[in-house]
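Report on one structure; see the data block that follows.
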Amino acid sequence: MKSLIIYGSQYGTTKAYATKLSEMTGIPCVSYENVADINDYEQIIYLGGLYAGGVKGLKNTFSLLKKSNIKTIVVTVGIADVSNKENTDKIKVSLEKQLGDDIYKNSLIFHLRGGIDYGK
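Under this note's numbering, the residue at position 14 of the sequence shown is numbered 14, and the numbers go up by one with no gaps.
Listed below in structure tokens is the structure:
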């Protein structure tokens, strides 16, 4: 299956997760800022930093999608406590807004813990 890992990272934690996943799977990894076309892939794995406005780069990346049969996996990375249902409900609402109903309903969604570097 032709796959691509795309990430949107502000401070580096998401990039580190994406890079490690790429190393473990052999799937190429690229920043959303360097993606021109995603329609040649059968599977997109998107990792994005979770911020108040949504997931970094997610809307821009999936606006490139012209076909709906691509398997999508979305991984949010943030400091929100995902064991709290209220937090995950808010994340899901944000993801649905960014992805659109069709893509959202057909995506696998996961959450990873982000990091804080108080020195930055």
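Ideal Cβ positions, reconstructed from N, Cα and C, are used throughout, including at glycine.
Environment of I79 [buried if 16+ CB atoms lie within 10 Å]: Position 79 of the sequence shown, counted from the first residue, corresponds to residue 79. Answer is exposed; the Cβ neighbour count stays below 16.
Boundaries (first-last residue) of the alpha helix (DSSP H) holding Y17: Counted from its first residue, the sequence shown places residue 17 at position 17. Segment T13 to T25, the alpha helix (DSSP H) holding Y17.
Residues of its chain near I45, where Cβ-Cβ distance is below 6 Å and the 5 sequence neighbours each way are ignored: Residue mapping note: residue 45 aligns to position 45 of the sequence shown, counting from 1. Excluding positions up to five away in sequence, the list reads I5 and I73.
Check whether F62 and I103 have beta carbons under 8 Å apart: Counting from 1 along the sequence shown, the entry for residue 62 is found at position 62. Counting from 1 along the sequence shown, the entry for residue 103 is found at position 103. Their beta carbons are under 8 Å apart, which means F62 touches I103 by this criterion.
Endpoints, the alpha helix (DSSP H) within which L65 is located: If you number the sequence shown from 1, residue 65 lands on position 65. That residue, L65, is in no alpha helix (DSSP H); it is neither H nor E in DSSP.
Neighbourhood of G114 by C-beta distance below 6 Å, restricted to the same chain and skipping five residues each side: Position 114 of the sequence shown, counted from the start, is the residue given in the question as residue 114. Hits under 6 Å: T13, V77, G78 and I79.
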